[in-house]
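A.B. asks: After the structure tokens below, expect a handful of questions from me.
In the UniProt record's numbering, the protein residues as written are 1 to 104.
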């Protein structure tokens, strides 16, 4: 079974809200986001990371810190716990961040 999630990337996020959301992501991801020159790339990367965290917490009813729960391997995201259960692909299309998830 494949689940599809899509989020429209806004044209503008208030600076204060953006900074608050940026504090949620891992430091490594935060530095990557801050290096992007285009605001759209910053927004879509941040929103994508938040969407992934939201899905993992809801699918597996996890309340623990997400920082160690997934890794990127060959361009795809794999959930580490429960091991090998989850596979995610994402893309940015026409102002949307689209995420597909499926069991391995």
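Think of the CB as a built atom: it goes at the ideal place given N, C-alpha and C, for glycine as much as any other residue.
To the nearest angstrom, how far is the alpha carbon of residue 67 from that of residue 59?
C.D. replies: Confidence in residue 67 is poor, its pLDDT being 44 and thus under 50, which makes the residue's placement too unreliable to answer from.
A.B. asks: Is it right to say residue 16 is buried, meaning 16 or more other beta carbons lie within 10 angstroms of its own, or is it exposed?
C.D. replies: Counting Cβ neighbours within 10 Å, residue 16 comes out exposed, since fewer than 16 surround it.
A.B. asks: Cβ atoms of residue 18 and residue 43: under 9 Å apart, would you say?
C.D. replies: The answer is yes: Cβ separation under 9 Å.
A.B. asks: Give me the Cβ distance between residue 7 and residue 47, rounded to the nearest whole Å; I'm assuming they're in contact under 8 Å.
C.D. replies: About 6 Å; that satisfies the 8 Å criterion.
A.B. asks: Would residue 38 be called buried (16 or more neighbouring beta carbons within 10 Å of its own) or exposed?
C.D. replies: Answer is exposed; the Cβ neighbour count stays below 16.
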